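Peer 1:
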Amino acid sequence: MRLGILKEKLVRNFCLKTWKLWEYLGVHLVPNHFYWPIGDTRKLEEFDFDKKFPMDGVNIDLELSREIVERIGSYRDEYEPIHVNCGYASNGDGSILYGMIRDLKPRKVIEVGSGYSTTIIEHAMKKNNCGKIVSIEPYPKPVLRDIVSTSANVELIESKVENVDQKIFQDLGEGDVLFIDSSHVVDIGNDVHYLYLHLLPKIPVGTIIHIHDIRYPYEYPREWVLGAKKFWAEQYLLHMFLAFNDSFEVLFASNYYFQNHKEDLVSACVGLDINSDGWPGSFWLRRCK
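Okay, structure coming up:
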């Protein structure tokens, strides 16, 4: 027991004393300890990644979802050539995004995290003959810079969302869209921390919010955690945010619908295969009061 405690102290002290060196080299060396947010992958080997976690306090209306899927499907043929050329390997998310923008016809879309999704949104907005896109992206890819340089309706704010003046979000109104594709990591002072604790509670009534890479109410994939070592936690924070919160309503949880009605969603979407291991990760909600 004493030897174990001594080993733990030595490891922790080594990590803390050499912290700045490793950080400079682009690495965080942390103890395997419950005070740090990285799980012990040896124990996670036994974790049931296939289980669905409780949905108490969160209502998902599958009938409303079915109606939304029908509307998304009506734009399938229109979206297909865009999907082929836009570079967005989406597992259906591209179709869903395009169909939602076409159906909602927003006056404004604010993206937090931009790139290939901007291409899809711009195509849909052009078909709608209305709307402006504001892309908040601290690390713009060439595809985004190309869109900004060729479209008068796309504005780029090259900044982290937590550093952007919150006033721009107050211009969102009924049917407008806040598109979130974040770092997915819950950390002190980062984008996810800011979005859920500071921004979403103040978003105007009537705004539609999209959140990407959400498997809710299922766990993140085993291969993401044990293979790619992605220790994401955004969807857990989303669940806590929505639980017993009657100011927001879930419009469409794509993976939940997919797990319950695969054929319906596959027939409505380009890029979604019923036999693949892929899954759609679009989660849509609305500020209702």
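For the sequence shown, the positions run 1051 to 1339 when my numbering is used.
Yeah, the Cβ is synthetic: ideal placement off N, Cα and C, and Gly gets one too.
Here the structure is a predicted model, which means the values were calculated and not measured.
Per the DSSP calculation, A1303 is bridged to which residue(s)?
Peer 2: Note: A1303 sits in a beta bridge opposite F1333.
Peer 1: In terms of residues, what are the limits of the beta strand (DSSP E) holding V1184?
Peer 2: Note, V1184: beta strand (DSSP E), 1182-1186.
Peer 1: What are the residues that DSSP puts in a beta bridge with K1158?
Peer 2: K1158 is bridged to K1182.
Peer 1: On a CA-only basis, which of N1325, C1319, P1330, Y1307 is nearest E1113? Give me that one, please.
Peer 2: Comparing Cα-Cα distances from E1113 to each of N1325, C1319, P1330, Y1307, the minimum goes to Y1307.
Peer 1: When the Cβ atoms of the segment 1223-1242 are set against those of the segment 1065-1080, are three or more pairs found closer than 8 Å?
Peer 2: Result no; under three Cβ-Cβ pairs closer than 8 Å.
Peer 1: With distances taken Cα to Cα, identify the nearest neighbour of V1162 among L1249, H1173, L1301.
Peer 2: Checking every option, the nearest Cα to that of V1162 belongs to L1249.
Peer 1: Determine contact between the segment 1239-1246 and the segment 1203-1220, defined as no fewer than three beta-carbon pairs at a distance below 8 Å.
Peer 2: Touching, yes.
Peer 1: Thinking C-alpha only, which one of W1274, F1294, M1150 is nearest D1226?
Peer 2: Measuring from the Cα of D1226, the nearest candidate turns out to be M1150.
Peer 1: Quick one: which unbroken alpha helix (DSSP H) runs of 4-plus residues sit fully inside the segment 1090-1138? Chain order, please.
Peer 2: Runs found: 1091-1094, 1112-1123, 1126-1136.
Peer 1: In this structure, does DSSP put I1264 in helix, strand or coil?
Peer 2: In this structure, I1264 counts as coil in the three-state DSSP scheme.
Peer 1: For the segment 1219-1301, list the beta strand (DSSP E) runs that are entirely contained and at least 3 residues long, ordered along the chain.
Peer 2: Counting only runs of 3 or more, we get 1227-1230, 1258-1261.
Peer 1: What does DSSP give as the partner residue(s) for L1206 in the beta ladder?
Peer 2: Its beta-bridge partners are S1185.
Peer 1: Looking at I1207: is its Cβ nearer than 8 Å to the Cβ of V1193?
Peer 2: Result no, Cβ atoms of I1207 and V1193 do not sit closer than 8 Å.
Peer 1: Does the distance from the CB of K1339 to the CB of S1304 come in under 8 Å?
Peer 2: Contact: no.
Peer 1: Under 8 Å between the Cβ atoms of L1147 and I1118?
Peer 2: Not a contact, by the Cβ cut-off of 8 Å.
Peer 1: To the nearest angstrom, how far is it from the Cα of F1229 to the Cα of V1300?
Peer 2: Each residue's Cα considered, the two are about 15 Å apart.
Peer 1: What's the gap between the Cα of H1260 and the Cα of N1179?
Peer 2: H1260 and N1179: Cα-Cα distance of roughly 22 Å.
Peer 1: Hey, how far is the Cα of N1325 from the Cα of H1173?
Peer 2: For N1325 and H1173, the distance between alpha carbons rounds to 29 Å.
Peer 1: If you compare alpha carbons, which of Q1309, N1310, P1330 is closest to C1319?
Peer 2: Considering only alpha carbons, the answer is P1330.
Peer 1: Find the nearest neighbour of H1262 within the set V1077, D1231, E1313, T1169, judged by alpha-carbon distance.
Peer 2: Of the candidates V1077, D1231, E1313, T1169, the one whose C-alpha sits nearest the C-alpha of H1262 is D1231.
Peer 1: In whole angstroms, what separates the C-alpha of G1181 from that of D1314?
Peer 2: If you take the alpha carbons of G1181 and D1314, they lie about 30 Å apart.
Peer 1: Helix, strand or coil, according to DSSP, for T1068 in the structure here?
Peer 2: Looking at T1068 - three-state DSSP - the assignment turns out to be coil, as it is neither helix nor strand.
Peer 1: Could you tell me if T1168 is buried or exposed, where buried requires 16 or more neighbouring beta carbons within 10 angstroms of its beta carbon?
Peer 2: Flag for T1168 reads buried.
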